[in-house]
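Notes for the one structure printed next.
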Amino acid sequence: MNLLTAQAPIRVPRSGKGLALGIWRFLVVALVLMLSLGFTQLAVAQAEPDREMRTAAPSISADQWRQVRSGETDANFRDSRFDSNYNLINSSGETWRQLRNRWVSPFGLIAIGGMIAVIALFYFIVGRKRLDEPRTGRKLFRWSLLMRSLHWTVATLFITLALTGLNLLFGKFVFRTLFGDAVWAWMISASKVLHNYLGPIFGVLLVVLLISLLKDNIPKKHDWVWFKKGGGLVGKGHVDAGFANGGEKAWYWLLASVGLIVVASGFVLDFPNYGQGRDTMQWANIIHAIGALGLTAVSIGHIYIGTLGTEGSIEGMTTGYVDETWAKEHHNLWYEEVKDQAMSEEEMAAQKTGSNSGGASATKPS
Amino acid sequence: MAQMKFMCDAERCIECNGCVTACKNANDVEWGIQRRRVVTLNDGEADEMSISVACMHCDDAPCMAVCPTDCFYKTDDGIVLHDKDLCIGCGYCLYACPFGAPQFPQQNAFGERGKMDKCTFCAGGPAESKEEEYQKYGSNRIAEGKLPLCAEMCSTKALLAGDAQDVADIFRQRVVHRGHKDGAWSNNPQASADNLAYDAARKG
Ligand code: HEM
Ligand code: SF4
Ligand code: SF4
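Top line first, the protein sequences correspond to chains A and B. Take the first sequence: its position 187, counted from the start at 1, is 187 in full-length UniProt numbering, and no numbers get skipped. Take the second sequence: its position 169, counted from the start at 1, is 169 in full-length UniProt numbering, and no numbers get skipped.
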């Protein structure tokens, strides 16, 4: 123990009289040395504080340590690591950890799980919204091939990003124990690579999609009424809607706001090569995760309404055409504008053979 | 079962960077990565003070808590290690770590950082063979009954490594020995030397 603490001066005995004096003499010297070492040590322990006081480096004050702890550093902070610009203490790291693990992660799960539960309940109690009138069999052109491709590309990318993102946040609680390390290693690295490379593509295509849909999604006065009547769910009353109804416009503007925030924060996270620091990354991650989890929850509603929830909606996005009855019941104002363009199956077939490729060449009626 | 800890006695550290060099040498650390660093506060001023920092092998380790792959684990000696086969280089451990310990060989577009690297307390990491372990994580001195080379090489014994109990004992003796109010980490006016000594030795 004393080896570490002692700074006792050690006097090395000089033996000028040769080796003839014998080993016993050496032993005596050694003994004396050992004893004196022992005594000096004792003396050091008692008398040295003064000496220590004189030679001690003036310490950093408690205040300065507090400053270091809080993450601040002054201009005279130096780090021997070759490219480091880090503070000694990353004080916001714990804040980020708590925000992410205690708030974002559980509440994200509640939001998404809650959404699924509410929709499932709604489906089993209220059921599918069927068309009130029988179909007329006459079709209205709604989505061009270009818009359909764009929609499905963005949707596929969105779902991929949502699933891979969810895996980054929650996967370790499920799949590691379920599948073992080898599969899990593959799953999670694939998730990260997919997420980080598809993210920017999604970002660009989302902007293109938002621009092409803008003119159909300008809020109108009847959209407000649509909301007050719960999109026709509340009461038997009839609700007005143009090409896009109030709900679709809300989804549009959610993507145009939160969606773009998720994209922007995603870009910050995705390109560490620009040298953004830990603090920036922490905030980008929190914003990205909250936005993304919120969008994921709402997107489940969008997917439900577009597929199971409403009879006839999916046809528009798959074939490009919707039934007249569907248009009349869900988008009456739009129907009024385009009803004279309705076509029967035979007319459509005739037109298709006439112009040999239907969807692509047709333009959406405004 | 030991609880391995590092402690740097800032009163003793002379900023020689011997620990940094020892670490690079012992572990053959990748180019551009420096598992240990020496930070100098108030550089060039009369109250300049240096402290050597690396992974502190936290009890409630933030890196472990945020890692999306769950690749960290704690050894029976309280050493925090990670599995490079699982690491995806997302950088989350770096965002959470209080000491800037995790580092990455690259920092490229699309979050391509390579596998995270950090101090292992010279305890290697998970691998099939000794060679693979050395190549991925550096030496495993703990398995050979030795302490981390940085602390072993520290010329002033400012940097201590070992069981928390032993490290605390040594530090307490130093503080008692110094016997002045600047003896420990700060000249906290409220604390007498005795209190500081007590603090340094307090367990748990
Ligand atoms: C331009 C689009 C996007 C980009 C560039 C992007 C990028 C990123 C990046 C870099 C991360 C950190 C993960 C890592 O590096 O390992 C991340 C995490 C995440 N992303 Fe995205 N992302 C985008 C869009 C989305 C979308 C649309 C969603 C969901 C619908 C989403 C959901 C998530 C989630 C849940 C996480 C995990 C957050 C956490 O673990 O704390 N992202 N994203
Ligand atoms: S890497 Fe950082 S957070 Fe993790 S144990 Fe080491 S010091 Fe603690
Ligand atoms: S960089 Fe690797 S070790 Fe660090 S949190 Fe991400 S996966 Fe885990």
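Even glycine gets a Cβ: it sits at the ideal position worked out from N, Cα and C. Being a predicted model, the structure only gives us computed values, none of them experimental.
Item                                                                                                                                                                         : Value
Just to confirm, is the Cβ distance from residue 93 of chain A to residue 96 of chain B under 7 Å?                                                                           : yes
With residue 9 of chain B as the anchor, note down where its alpha helix (DSSP H) starts and where it stops.                                                                 : First-last for residue 9 of chain B: undefined, no H or E at that position.
Considering only the alpha carbon of each residue, which of A/269, A/271, A/250, A/221 lies closest to residue 298 of chain A?                                               : A/250
DSSP state of residue 339 of chain A, grouped into three classes?                                                                                                            : helix
Which residue wins for smallest C-alpha separation from residue 323 of chain A, given the options A/226, A/301, A/193, A/143?                                                : A/143
Helix, strand or coil: how does DSSP classify residue 191 of chain B here?                                                                                                   : Because residue 191 of chain B carries a pLDDT of 47, less than 50, the predicted location of this residue cannot be relied on, and the following value inherits that uncertainty. If DSSP states are grouped into helix, strand and coil, residue 191 of chain B belongs with coil.
Starting from residue 49 of chain B, follow its DSSP beta bridges and name the residues at the other end.                                                                    : B/41
For residue 314 of chain A and residue 174 of chain A, I'd like the C-alpha separation in whole angstroms.                                                                   : 33 Å
Checking 7 Å against the spacing of the C-beta atoms, do residue 334 of chain A and residue 202 of chain A come in under that value?                                         : no
Taking C-beta pairs closer than 8 Å, name the residues in chain B that residue 102 of chain A reaches, listed in chain order.                                                : In chain order: nothing, as chain B lies at least about 10 Å away.
Let me make sure I understand the geometry here. Which of B/45, B/72, B/104, B/38 has the alpha-carbon closest to that of residue 181 of chain A?                            : B/72
Thinking just about the alpha-carbon of each residue, which of A/278, A/166, A/124, A/320 is nearest to the one in residue 105 of chain A?                                   : A/166
Applying a beta-carbon distance threshold of less than 8 Å, which residues of chain A neighbour residue 113 of chain B?                                                      : 272
Classify residue 191 of chain A as buried or exposed, calling it buried when 16 or more other Cβ atoms lie within 10 Å of its own Cβ.                                        : buried
Flag this pair as yes or no: are the beta carbons of residue 38 of chain B and residue 15 of chain B separated by less than 7 Å?                                             : yes
Does any C-beta atom of chain B lie closer than 7 Å to the C-beta of residue 211 of chain A?                                                                                 : no
Could you name the residues of chain D that residue 96 of chain B contacts, counting a contact when the two beta carbons are closer than 7 Å?                                : This model lacks chain D altogether; the protein chains it does include are A and B.
So with CB distances below 9 Å, who are the chain B contacts of residue 77 of chain A?                                                                                       : 39, 40, 41, 42, 43
By DSSP, does residue 227 of chain A sit in helix, in strand, or in coil?                                                                                                    : helix
Residue 97 of chain A by DSSP, collapsed to three states: which one?                                                                                                         : helix
Kindly indicate the opening and closing residues of the beta strand (DSSP E) around residue 166 of chain B.                                                                  : No beta strand (DSSP E) contains residue 166 of chain B, which is instead part of the alpha helix (DSSP H) from 164 to 178.
Does any residue of chain A have a CB that is nearer than 7 Å to the CB of residue 62 of chain B?                                                                            : yes
Does chain B have any CB closer than 7 Å to the CB of residue 196 of chain A?                                                                                                : yes
What would DSSP say about residue 42 of chain A, mapped onto helix, strand or coil?                                                                                          : Residue placement at residue 42 of chain A is flagged as unreliable, the pLDDT there being 48, under the threshold of 50; a coordinate-derived value is accordingly withheld.
Measuring alpha carbon to alpha carbon, tell me which residue in B/125, B/100, B/51 is nearest residue 90 of chain A.                                                        : B/100
By DSSP, does residue 1 of chain B sit in helix, in strand, or in coil?                                                                                                      : coil
Return the CA-CA distance between residue 17 of chain B and residue 51 of chain B, expressed in angstroms with no decimal places.                                            : 10 Å
Going by other Cβ atoms of all chains shown within 10 Å of its Cβ, with 16 needed for buried, is residue 346 of chain A buried or exposed?                                   : exposed
Go to residue 181 of chain A, then tell me how far its alpha helix (DSSP H) extends in each direction, as first and last residue.                                            : 181 to 213
For a cutoff of 7 Å on Cβ pairs, would you count residue 188 of chain A as touching chain B?                                                                                 : yes
With DSSP collapsed to three states, give me the class of residue 141 of chain A.                                                                                            : strand
Quick check: does the Cβ of residue 262 of chain A come within less than 6 Å of any heavy atom belonging to ligand 2?                                                        : no
Leaving out five residues on either side along the sequence, give the residues of the same chain with a beta carbon under 6 Å from the beta carbon of residue 43 of chain A. : Residue confidence for residue 43 of chain A is low, a pLDDT of 46 falling below 50, so the modelled location carries little weight and cannot support an answer.
Buried or exposed: where does residue 159 of chain A fall if 16 or more other Cβ atoms within 10 Å of its Cβ makes it buried?                                                : exposed
Closer than 9 Å, Cβ to Cβ, to anything on chain B: give me those residues from the stretch 117 to 132 of chain A, in chain order.                                            : none
Just how far apart, CA to CA, sit residue 111 of chain B and residue 278 of chain A?                                                                                         : 14 Å
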